[in-house]
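Heads up: the sequence shown begins at 78 in our numbering, then just goes up one per residue. C-beta: ideal position from N, C-alpha, C; glycine also.
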Amino acid sequence: MKTIPSLDESVRLNLKAYFEDLGDIEPRGMWDMVISCVEKPLLEAAMERAQGNQSRAAVYLGITRNTLRKKLLAHKLIDD
Numbered sequence: 078m079k080t081i082p083s084l085d086e087s088v089r090l091n092l093k094a095y096f097e098d099l100g101d102i103e104p105r106g107m108w109d110m111v112i113s114c115v116e117k118p119l120l121e122a123a124m125e126r127a128q129g130n131q132s133r134a135a136v137y138l139g140i141t142r143n144t145l146r147k148k149l150l151a152h153k154l155i156d157d
């Protein structure tokens, strides 16, 4: 049976590889880069799991429906 690494371990391993690939280059703006890489797929997955129901997706994510809606609009995942 295959052992699946936890999400935080997967992130840690990928960030370690990213830093190794950078070599001597100083990283800049890591926070925004990581958040932007994670937020959209997270929103997409929550909306898919909730079958498009924003209220349910917001509960899954632990945020308000209004916050979810703003994020969906910002990522162009819904129309205004």
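Helix, strand or coil for residue i, going by three-state DSSP, please let me know.
i, result
"Met78", "coil"
Considering residue i, what are the terminal residues of the alpha helix (DSSP H) in which it resides?
i, result
"Asn143", "142-151"
"Pro118", "107-126"
"Ser87", "84-99"
"Leu138", "131-138"
Counting only the same chain and skipping the five closest in sequence on each side, list residues whose C-beta sits under 6 Å from that of residue i.
i, result
"Arg133", "Ala127"
Going by beta carbon distance, what residues of the same chain come within less than 7 Å of residue i, once the five residues before and after it are set aside?
i, result
"Leu149", "Leu120, Ile155"
Between the alpha carbons of residue i and residue j, how many angstroms are there, rounded?
i, j, result
"Ala151", "Met107", "20 Å"
"Glu103", "Ala94", "14 Å"
"Ser113", "Lys79", "30 Å"
Near residue i, what residues of its chain come up, given a Cβ to Cβ distance below 8 Å and the 5 sequence neighbours on each side ignored?
i, result
"Arg142", "Gln131, Ser132, Ala135"
"Pro82", "Leu90"
"Glu116", "Lys148, His152"
Exercise. Using 8 Å as the Cβ pair cut-off and three pairs as the minimum, do the region 135-155 and the region 117-125 touch?
Worked result: yes
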